[in-house]
Amino acid sequence: MLKLHEVLGLMVEVVSPKYRAPYYVGIGMAWLAGALHLPLIAWWLRDWMWMEAVIIVPSVLFLSIWWLLPESPRWLLAHGKTDEALKILSKAAKTNGLKISGIKLKEMVTSLKEPDENEKPKTRVLQLFKSELRLRTFVMWFIWTVTAFVYYGIVYNTNELAGDPFVNFAIYNLIDIPAALLTLTIIHYKGRRRPLATYLAWQGWLVYRYSFGEL
178 MLKLHEVLGL MVEVVSPKYR APYYVGIGMA WLAGALHLPL IAWWLRDWMW MEAVIIVPSV
238 LFLSIWWLLP ESPRWLLAHG KTDEALKILS KAAKTNGLKI SGIKLKEMVT SLKEPDENEK
298 PKTRVLQLFK SELRLRTFVM WFIWTVTAFV YYGIVYNTNE LAGDPFVNFA IYNLIDIPAA
358 LLTLTIIHYK GRRRPLATYL AWQGWLVYRY SFGEL
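Residue numbers (our numbering): 178 to 392.
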């Protein structure tokens with residue numbers, strides 16, 4: 178989960194707001210691909226220790242290709258590494274077939290550059306708990322916590338369903354495909370705040386009824 182959050186954070190800093198929703202869904206599809214392989218691996222190995230070893234190997238291999246992933250230009254600019262940010266943006270423009278002169282690109286980077294240390298306001302983690310942000314901070318923490326518990330609770334509960342547990346787990350993850358496409362469509366036309374609030378309320382109602390055997 179920590180790796181997923183890091184990928185999402187890097188994506189938000191690199192991708193423009195217009196394309197963040199499709200990229201977010203794309204990352205979800207990558208998660209889905211791994212989840213669909215999991216029941217096959219479990220069915221084949223039938224031993225949780227070997228299964229853990231097989232799952233860890235791809236993660237270790239990523240250490241050998243870390244140099245292929247560029248650093249976030251926003252992070253570089255925030256830390257005063259303008260030249261490195263300029264190189265990454267220049268390479269990105271070339272990869273996407275955009276013809277931007279070095280002078281124009283440098284002017285754009287300079288305009289986005291963080292102010293000098295003497296001019297820049299001090300920022301600390303404690304600012305998240307000030308009156309302006311306190312409510313939003315706790316709401317987001319609560320949403321993340323509840324969503325994680327509900328998600329893993331449903332996943333672990335697939336063993337309690339009738340039928341083959343491997344097939345049940347695969348079907349549960351396949352449901353994410355139409356769900357992701359529907360999410361992308363709703364976000365495109367309705368934004369994020371109201372659909373998210375509606376979804377969370379509906380999810381809470383269904384989980385509540387299921388917990389008391391009403392579904």
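We put the CB at the ideal spot given by N, CA and C, even for glycine.
When secondary structure is reduced to three states using DSSP, F239 falls in the helix class. Fewer than three Cβ pairs drawn from the stretch 358–369 and the stretch 334–342 lie within less than 8 Å of each other, which leaves the two stretches out of contact. Contact between L263 and L282 holds, with the beta-carbon distance rounding to 7 Å and staying under 8 Å.
Rounded to the nearest whole angstrom, the C-alpha separation of M317 and G205 is 20 Å. For N336, no alpha helix (DSSP H) run applies, since DSSP gives it neither H nor E.
L246 is classed as exposed because its beta carbon has fewer than 16 other beta carbons within 10 Å across all chains shown. Counting along the chain, the unbroken alpha helix (DSSP H) around L359 starts and ends at D353 to K367. Counting the other CB atoms within 10 Å of its CB gives N334 a total below 16, which places it among the exposed residues.
Of the other Cβ atoms in all chains shown, 16 or more fall within 10 Å of the Cβ of L266; this residue is therefore buried.
Nearest to Y349 by alpha-carbon distance, out of E309, E229, W321 and A210, is A210.
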